[in-house]
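Our numbering applies: residue 379 is where the sequence shown begins, and numbers increase by one. C-beta atoms are modelled at their ideal positions from N, C-alpha and C, and glycine is treated no differently. Structure, as structure tokens:
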Amino acid sequence: MRMLLFSGKGGVGKSSLAAATGVKLSRMGYRTLVMSVDPAHSLADAFDLDIDLFGAQTADPYPVGEKLWIHEVNIQREIRRHWQEISAYVISVLRTTGISEVEAEELAILPGMEELSAMMYVNQFRREERFDVIVLDCAPTAESMRFVSMPTTLDWYMKHIFSFQRSLLKAVRPIANRVAPIELPTDTYFANIQRLFERLEGVDQLLEDPQTTSVRLVTNPEKMVLRETQRAFVYFSLHGLTVDTVIVNRVLPAEVSDPFFAEWRQSQRKILDEIHEYFAPVPVRETPLFTHEVMGRQRLEELAEALYREGENPAAIVREERPYSFAKQDGGYSIRLQLPFATKGEIGLFKKDDELVVEVGSVRRHIGLPTSMASMQPVHARLENKILTVEMKDVLLKG
Ligand SMILES: Nc1ncnc2c1ncn2[C@@H]1O[C@H](COP(=O)(O)OP(=O)(O)O)[C@@H](O)[C@H]1O
Ligand SMILES: [Mg+2]
Numbered sequence: 379m380r381m382l383l384f385s386g387k388g389g390v391g392k393s394s395l396a397a398a399t400g401v402k403l404s405r406m407g408y409r410t411l412v413m414s415v416d417p418a419h420s421l422a423d424a425f426d427l428d429i430d431l432f433g434a435q436t437a438d439p440y441p442v443g444e445k446l447w448i449h450e451v452n453i454q455r456e457i458r459r460h461w462q463e464i465s466a467y468v469i470s471v472l473r474t475t476g477i478s479e480v481e482a483e484e485l486a487i488l489p490g491m492e493e494l495s496a497m498m499y500v501n502q503f504r505r506e507e508r509f510d511v512i513v514l515d516c517a518p519t520a521e522s523m524r525f526v527s528m529p530t531t532l533d534w535y536m537k538h539i540f541s542f543q544r545s546l547l548k549a550v551r552p553i554a555n556r557v558a559p560i561e562l563p564t565d566t567y568f569a570n571i572q573r574l575f576e577r578l579e580g581v582d583q584l585l586e587d588p589q590t591t592s593v594r595l596v597t598n599p600e601k602m603v604l605r606e607t608q609r610a611f612v613y614f615s616l617h618g619l620t621v622d623t624v625i626v627n628r629v630l631p632a633e634v635s636d637p638f639f640a641e642w643r644q645s646q647r648k649i650l651d652e653i654h655e656y657f658a659p660v661p662v663r664e665t666p667l668f669t670h671e672v673m674g675r676q677r678l679e680e681l682a683e684a685l686y687r688e689g690e691n692p693a694a695i696v697r698e699e700r701p702y703s704f705a706k707q708d709g710g711y712s713i714r715l716q717l718p719f720a721t722k723g724e725i726g727l728f729k730k731d732d733e734l735v736v737e738v739g740s741v742r743r744h745i746g747l748p749t750s751m752a753s754m755q756p757v758h759a760r761l762e763n764k765i766l767t768v769e770m771k772d773v774l775l776k777g
């Protein structure tokens, strides 16, 4: 099974491109599911479905064509399916603070529940071997980051907190229930978390395996959007996912000659150059701004045609290596970077704001640094077997 993640800022065209990719894949004969994790669902719109009709039937992947299904994760339904126990407990705790039941119910939707639910589906579909490709239409960047980091968070929670908390509760419950102002969770609550965890088992490996999962970052040729795309790129790399393509959507087509757009064209050109340079060696594709919204099968086919070459397989593995990876290392971090064409003498390194810039001859690579590393400086670099390892440390200035 292949999994393609479409991520990017709100409104850039994730759903449209994910849906178009689904259309193309299904036409090539792959059993394809396009699944939306964004609470601002727009897949049904992209396929121009009757929302009321669709809404009533979304409990299971909904067929929208031959070998093509869509699925929108509905958090209310997911709570009933998987989170009943947990949300009931959270609601009871919230209620003791005096807020209304309606508010408590609203607040009991914990961050990450949608993402976790989507991953349970991914795992279930994989086990059932129901689809050849799952195209994930992700929530805007920040939420997607929660999605990809969730397995690690959960894993940590289970190992360090869960077992401890549980034995502690066993010991204190007889007393605590009498004195504590809030109710302590019951044993079934823990059993429920345990079950949830089991449903998620293996999803992290799936996400980190470039043979299975590829991230397609969607952006627009605008400065503001680009910044967010760069951050997303850093965080996907940090979490071990492989971004294999950057798609720049809504590029002004050459035939637009109205002087009104002259400045737009110029700024788009400049930012496009910047995008190509920044993300190298990850390939960058462009899709044009259309004269209309992308709605319905016909429009999706058009978009797919602009995005893929004829006969090209959108599920093909474009890249297997992450361009760079981070690892923790005594007090600092090390960054590993693939430099297949480099020789020792010609490598230059410098820091620019929250970026590390590597120069090899005339080629530049930009490594965006996560917040935890932004204040650090490169202290050591070595090139071995075409891999450059840079050590980053906090260099404290004295006096
Ligand atoms: N290349 C394009 N040309 C014209 N309209 C587009 C293009 N790509 C997307 N749209 C339209 O822009 C709006 C937002 O796109 P959508 O795919 O829903 O974005 P996202 O999922 O990233 O929030 C939709 O109305 C869609 O039809
Ligand atoms: Mg969307």
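Extent of the continuous alpha helix (DSSP H) to which residue i belongs
| i | result |
| --- | --- |
| His419 | From DSSP, His419 is part of no alpha helix (DSSP H); its letter is neither H nor E. |
| Val612 | 601-616 |
| His654 | 640-657 |
| Gly400 | 392-405 |
| Met491 | 491-506 |
| Glu483 | 479-485 |
| Ile453 | 453-456 |
Residue i CB to nearest heavy atom of ligand 1 below 7 angstroms
| i | result |
| --- | --- |
| Glu456 | no |
| Ser385 | no |
| Leu727 | no |
| Ser495 | no |
| Phe668 | yes |
| Val390 | yes |
| Val442 | no |
| Arg628 | yes |
| Val672 | yes |
Per-residue DSSP class, three states only, for residue i
| i | result |
| --- | --- |
| Lys729 | strand |
| Gly674 | coil |
| Gln707 | strand |
| Ala632 | coil |
| Gly739 | coil |
| Phe425 | coil |
| Asp515 | strand |
| Tyr440 | strand |
| Gln589 | coil |
| Glu698 | coil |
| Thr767 | strand |
| Thr623 | strand |
heavy atom of ligand 2 below 7 angstroms from residue i C-beta
| i | result |
| --- | --- |
| Ser420 | yes |
| Asp515 | yes |
| Ser393 | yes |
| Asp416 | yes |
Sub-8 angstroms separation of residue i and residue j beta-carbons
| i | j | result |
| --- | --- | --- |
| Val480 | Asn627 | no |
| Val415 | Leu514 | yes |
| Pro599 | Lys387 | no |
| Leu395 | Ile625 | yes |
| Ala422 | Val412 | no |
| Val768 | Leu727 | yes |
Run of the beta strand (DSSP E) containing residue i, from where it starts to where it stops
| i | result |
| --- | --- |
| Gln755 | 755-762 |
| Leu747 | Taken as a continuous stretch (DSSP letters only), Leu747 belongs to no beta strand (DSSP E), as it is neither H nor E. |
So, does the region 668-679 touch the region 635-643, judging by three or more C-beta pairs under 8 angstroms? no
Between the region 402-418 and the region 602-619, can you find at least three pairs of beta-carbon atoms closer than 8 angstroms? no
Does the region 737-750 come close enough to the region 701-714 to have 3 or more Cβ pairs within less than 8 angstroms? yes
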